[in-house]
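K.L.:
Handing you a structure now.
Protein chains: 2
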Amino acid sequence: MAHSVFKYRTGEAYPYCYKYPQVALTADCVVFSYDGKDLLVLLIKRGQEPFKDRWALPGGFVNPDETAEQGARRELLEETGLEASHLEQFKVFSTPDRDPRQRVVTVPFIALVNHKSVAGGDDAAEARWFPVDKVPPLAFDHDQILSEARTALRRSLYFSPVSFTLLPPQFTMPQLQRLYEIILGRKFDRRNFARKMNSLGVLDFQGIESVGNDVVERKDVPSRKPSIFSFNRVKWSRMKDESDTNFEF
Amino acid sequence: MAHSVFKYRTGEAYPYCYKYPQVALTADCVVFSYDGKDLLVLLIKRGQEPFKDRWALPGGFVNPDETAEQGARRELLEETGLEASHLEQFKVFSTPDRDPRQRVVTVPFIALVNHKSVAGGDDAAEARWFPVDKVPPLAFDHDQILSEARTALRRSLYFSPVSFTLLPPQFTMPQLQRLYEIILGRKFDRRNFARKMNSLGVLDFQGIESVGNDVVERKDVPSRKPSIFSFNRVKWSRMKDESDTNFEF
DNA sequence: TTCTAATTGTGTTCTTTTGACCCATTTTTT
DNA sequence: AAAAAATGGGTCAAAAGAACACAATTAGAA
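Chain order of the listed sequences is B and F.
Residue numbers for the first sequence follow the numbering used here, beginning at 1 and rising by one.
Residue numbers for the second sequence follow the numbering used here, beginning at 1001 and rising by one.
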């Protein structure tokens, strides 16, 4: 066993004593966003050992009076200043020696946020967005956590269009399609994709001129201007409810 | 805070001391089986306070050298003698005061087993199968855990026919259909269901006479004998793999 | 201005899947 | 032998999915 349990030790150094062996509980966030081109994940550079100077998922210890989700929200805010509009638990990582210092069980969350730049917060020296396919080797078992988060994100997208929480208020069909393709890892026919999305009834047509949209930016390419859409939250949440009651096989 | 943290206490009574507050980690099992008629869940009667004599999910503390999954397997075996052929984590329950004694974070697993009768194990006074729709009020937050387990089971069934692990080696189409209907909470047309199941290509026709099947038993009703099927594990696992790579939207 | 390349929007056709339903077959009871 | 209960096989139309053709718009080059 790599982690340390100190028996019969007391005083200021080890003040929390229990009858049975315990574990430390952390909450990590796999924060995704989308800049209209790449699916991005937020990483922070560790300032301390172990894994000093390695990139890692933002997160930290859960306080005694917090649920894991509350801890995840708090840590995310402290370390990056971000508030997640969608937070979803997907699995627990409990391999005994995943942290070399002591036994740490972590509850990772998928957090979806609208894209904006972030500065490092109090705890972290540096925070940066990475395209999900260009992520450097991470600290601890965070590579595996990220990998499983992507699978879980896929499954979520199957049941409800969580994709919208990754998009700005206004977006184009090609952008929406690229997002689906990145998350699901496959290509769709342009026309069939648009037809299906429109038939879902959650898109509102907004015209063809973007109005203060961070993502929709005309590149200097000669091509037709795309239509701008927004999504209808009312119909969207109705869809989410139905996906929990009307199951196929 | 309901749970107790004893500072600066030492000796035999509280020998596990840490620098930061910790939590106790348990693994619970939501064990499902199917008798050909009802979806069943395994419960044990608690022999100790709190919630003495109340029914609860089998489970217990995770040892320092175990992952949560290993702990779940061990506890299940100790308490009920069962070995799960399918074990799947779905969520963590970490509300600070969910256990009145101290902070306990639990990792519940969905366990699917072939149906057989169980006797109580070492720890538990009594173990019994309950139809999922006739479960009494449970100890702790186990009602909520069971409820979320059923939702997670639905979603699993969407991605791969986990249902087969609940069935005996040989089964009939009506039995399979009933199982789907119970898990998914909706009815299917008899003929359409059979057509789709056959088209999946994971069923092998075995004839119309059952051979040593616990589940297939002719009731005393006047009706045609149903066909017997088994499932093709090779094609089934291939399907599972595909469901992770070939996503729709 | 005109032409070209890039990209988006709309429509068509064919195939597959789904949903709803009829009727024949088998088996036990009367 | 007839009736009742449950299964099996099949049809038909509607919906959904896959593949593909072509017109429209825009920026830059000729």
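Idealized CB from N, CA, C, for every residue including glycine.
Quick check: the Cα distance between L1166/F and A1152/F, rounded to an integer number of angstroms?
P.N.:
Locating residue 1166/F in the second sequence gives position 166, where the first residue counts as 1. Locating residue 1152/F in the second sequence gives position 152, where the first residue counts as 1. Taking the straight line joining both Cα atoms gives about 15 Å.
K.L.:
When we look at the beta-carbon of Y1020/F and count the other beta-carbons within 10 Å, is it buried (16 or more) or exposed?
P.N.:
Locating residue 1020/F in the second sequence gives position 20, counting from the first residue. Per the 10 Å Cβ criterion, exposed.
K.L.:
Going by C-alpha distance, which of S94/B, R155/B and L39/B is nearest H142/B?
P.N.:
Working through the first sequence from its first residue, we reach residue 142/B at position 142. It is S94/B.
K.L.:
Which parts of the stretch 46-104 of chain B are runs of the alpha helix (DSSP H), unbroken and 4 residues or longer, counting only runs that do not cross its ends?
P.N.:
Listed in chain order, they are 68-80.
K.L.:
7 Å is my cut-off, CB to CB: does C29/B come that close to chain F?
P.N.:
Against the first sequence, residue 29/B aligns to sequence position 29. Chain F contact via Cβ: absent.
K.L.:
Under a CB-based cut-off of 7 Å, is Q1170/F close to chain B?
P.N.:
Numbered from 1 along the second sequence, position 170 holds the residue referred to as residue 1170/F. Not an interface residue.
K.L.:
At the level of alpha carbons, what is the spacing between S160/B and A27/B?
P.N.:
On the first sequence, position 160 is the one that residue 160/B refers to. On the first sequence, position 27 is the one that residue 27/B refers to. So the alpha carbons of these two residues sit roughly 24 Å apart.
K.L.:
Given a cut-off of 7 Å on the beta-carbon distance, is the pair P174/B and L40/B in contact?
P.N.:
Translated into the one-based positions of the first sequence, residue 174/B becomes position 174. Translated into the one-based positions of the first sequence, residue 40/B becomes position 40. Contact flag unset, no.
K.L.:
Give the secondary structure of A152/B by DSSP, where H, G and I count as helix, E and B as strand, and everything else as coil.
P.N.:
Within the first sequence, numbered from 1, the residue matching residue 152/B stands at position 152. Three-state DSSP puts A152/B in a helix.
K.L.:
Tell me, please, which residues DSSP counts as bridged to T1172/F.
P.N.:
On the second sequence, residue 1172/F is found 172 positions in, with the first residue counted as 1. Paired residue(s): I1228/F.
K.L.:
Looking at chain F, which residues of the stretch 52-68 of chain B have a Cβ within less than 9 Å of any of its Cβ atoms?
P.N.:
Taking 9 Å as the Cβ-Cβ cut-off against chain F, the residues of the stretch 52-68 of chain B that qualify are F61, V62, N63, P64, D65, E66, T67 and A68.
K.L.:
Just curious, the alpha helix (DSSP H) that L1166/F is in, first and last residue?
P.N.:
Here residue 1166/F is taken as the residue at index 166 of the second sequence, counted from 1. Neither: L1166/F is in no alpha helix (DSSP H) and is coded neither H nor E.
K.L.:
Mark P96/B as exposed unless 16 or more other C-beta atoms lie within 10 angstroms of its C-beta, in which case mark it buried.
P.N.:
Position 96 of the first sequence holds residue 96/B. By the neighbour-count rule (16 or more Cβ atoms within 10 Å), P96/B is buried.
K.L.:
My output table needs one value for V118/B: the three-state DSSP class, helix, strand or coil.
P.N.:
As a working note, residue 118/B is residue 118 in the first sequence. In this structure, V118/B counts as coil in the three-state DSSP scheme.
K.L.:
Can you name the residues that DSSP bridges to D28/B?
P.N.:
Taking the first residue of the first sequence as 1, we reach residue 28/B at position 28. In the DSSP output, where bridge partners are listed per residue, D28/B has G59/B and P108/B.
K.L.:
Please return the same chain residues whose Cβ sits closer than 6 Å to the Cβ of D1035/F, not counting the five positions on each side in sequence.
P.N.:
Looking up residue 1035/F in the second sequence gives position 35. Around D1035/F: H1115.
K.L.:
Could you tell me the alpha carbon to alpha carbon distance between D1133/F and L57/B, rounded to whole angstroms?
P.N.:
Translated into the one-based positions of the second sequence, residue 1133/F becomes position 133. Translated into the one-based positions of the first sequence, residue 57/B becomes position 57. Approximately 41 Å between the Cα atoms of the pair.
K.L.:
Over what stretch of residues does the beta strand (DSSP E) that includes L1138/F continue unbroken?
P.N.:
Taking the second sequence and counting its residues from 1, the one referred to as residue 1138/F is at position 138. First-last for L1138/F: undefined, no H or E at that position.
K.L.:
Thinking C-beta only, is E1088/F closer than 7 Å to I1110/F?
P.N.:
Position 110 of the second sequence holds residue 1110/F. Position 88 of the second sequence holds residue 1088/F. In contact: I1110/F and E1088/F (Cβ atoms closer than 7 Å).
K.L.:
Can you list, in chain order, the residues of its chain with a C-beta nearer than 8 Å to that of K1007/F? Leave out the 5 residues immediately preceding and following it.
P.N.:
Along the second sequence, read from residue 1 onward, the residue named residue 1007/F stands at position 7. At K1007/F the pLDDT is 45, less than 50, meaning the model places this residue with poor confidence and gives no usable figure here.
K.L.:
Mapping the DSSP letters down to three states, classify Q206/B as helix, strand or coil.
P.N.:
For the purposes of this step, residue 206/B is identified with residue 206 of the first sequence, where counting begins at 1. In this structure, Q206/B counts as strand in the three-state DSSP scheme.
K.L.:
Could you check where the alpha helix (DSSP H) with A194/B kicks off and where it finishes?
P.N.:
On the first sequence, position 194 is the one that residue 194/B refers to. First-last of the alpha helix (DSSP H) with A194/B: R190 to L200.
K.L.:
From which residue to which residue does the beta strand (DSSP E) around P15/B run?
P.N.:
Residue mapping note: residue 15/B aligns to position 15 of the first sequence, counting from 1. Note, P15/B: premise wrong, no beta strand (DSSP E); not H, not E.
K.L.:
H1003/F by DSSP, collapsed to three states: which one?
P.N.:
Translated into the one-based positions of the second sequence, residue 1003/F becomes position 3. Reliability fails at H1003/F, whose pLDDT of 36 lies under 50, so the model's placement of it is uncertain and the value that follows must be treated cautiously. Residue state, collapsed to three classes: coil.
K.L.:
With DSSP collapsed to three states, give me the class of T10/B.
P.N.:
Stepping through the first sequence from its first residue, residue 10/B is reached at position 10. Interpretation of T10/B is limited by its pLDDT of 49, a score under 50 that renders its predicted location unreliable; the figure taken from the coordinates is listed afterwards. T10/B falls in the coil class under three-state DSSP.
K.L.:
What residues from the stretch 82-96 of chain B come within 7 Å of chain F, judged by C-beta to C-beta, listed N to C?
P.N.:
Residues passing the 7 Å Cβ filter: Q89, K91, V92, S94, T95 and P96.
K.L.:
Could you give the first and the last residue of the continuous beta strand (DSSP E) run that contains E1248/F?
P.N.:
Numbered from 1 along the second sequence, position 248 holds the residue referred to as residue 1248/F. That residue, E1248/F, is in no beta strand (DSSP E); it is neither H nor E in DSSP.
K.L.:
Could you tell me the distance, in whole angstroms, from the CA atom of L146/B to the CA atom of V135/B?
P.N.:
Locating residue 146/B in the first sequence gives position 146, counting from the first residue. Locating residue 135/B in the first sequence gives position 135, counting from the first residue. Looking at the two C-alpha atoms, the distance is approximately 10 Å.
K.L.:
Bridge partners for R1238/F per DSSP, in chain order?
P.N.:
Counted from its first residue, the second sequence places residue 1238/F at position 238. None, per the DSSP bridge assignment.
K.L.:
Between the Cα of S156/B and the Cα atoms of T172/B, L200/B and H86/B, which residue gives the shortest distance?
P.N.:
Stepping through the first sequence from its first residue, residue 156/B is reached at position 156. Here the closest residue by C-alpha is H86/B.
K.L.:
Quick check on P1168/F: buried or exposed, where buried means 16 or more other Cβ atoms within 10 Å of its Cβ?
P.N.:
Taking the first residue of the second sequence as 1, we reach residue 1168/F at position 168. Buried.
K.L.:
Look at the Cβ atom of C17/B, then the Cβ atom of A72/B, and state whether they are nearer than 7 Å.
P.N.:
As a position in the first sequence, residue 17/B is number 17, starting the count at 1. As a position in the first sequence, residue 72/B is number 72, starting the count at 1. The answer is no: Cβ separation not under 7 Å.
K.L.:
Provide the residue(s) that pair with S1160/F in DSSP beta bridges, ordered along the chain.
P.N.:
Position 160 of the second sequence holds residue 1160/F. DSSP, once it has assigned bridges, lists no residue as partnering S1160/F.
K.L.:
Using the rule of at least 16 other Cβ atoms within 10 Å of the residue's Cβ for burial, across every protein chain shown, is A1084/F buried or exposed?
P.N.:
What you label residue 1084/F is simply residue 84 of the second sequence in a count that begins at 1. So A1084/F ends up on the buried side.
K.L.:
Assuming contact is defined by CB atoms lying nearer than 7 Å, are I997/F and Q1170/F in contact in what I supplied?
P.N.:
The shown model of chain F, from 1001 to 1249, leaves out residue 997/F, and the question about it has no answer.
K.L.:
Answer with yes or no whether the minimum CB distance from K1235/F to chain B is below 7 Å.
P.N.:
By one-based count along the second sequence, residue 1235/F stands at place 235. Judged by the 7 Å Cβ criterion, K1235/F is not in contact with chain B.
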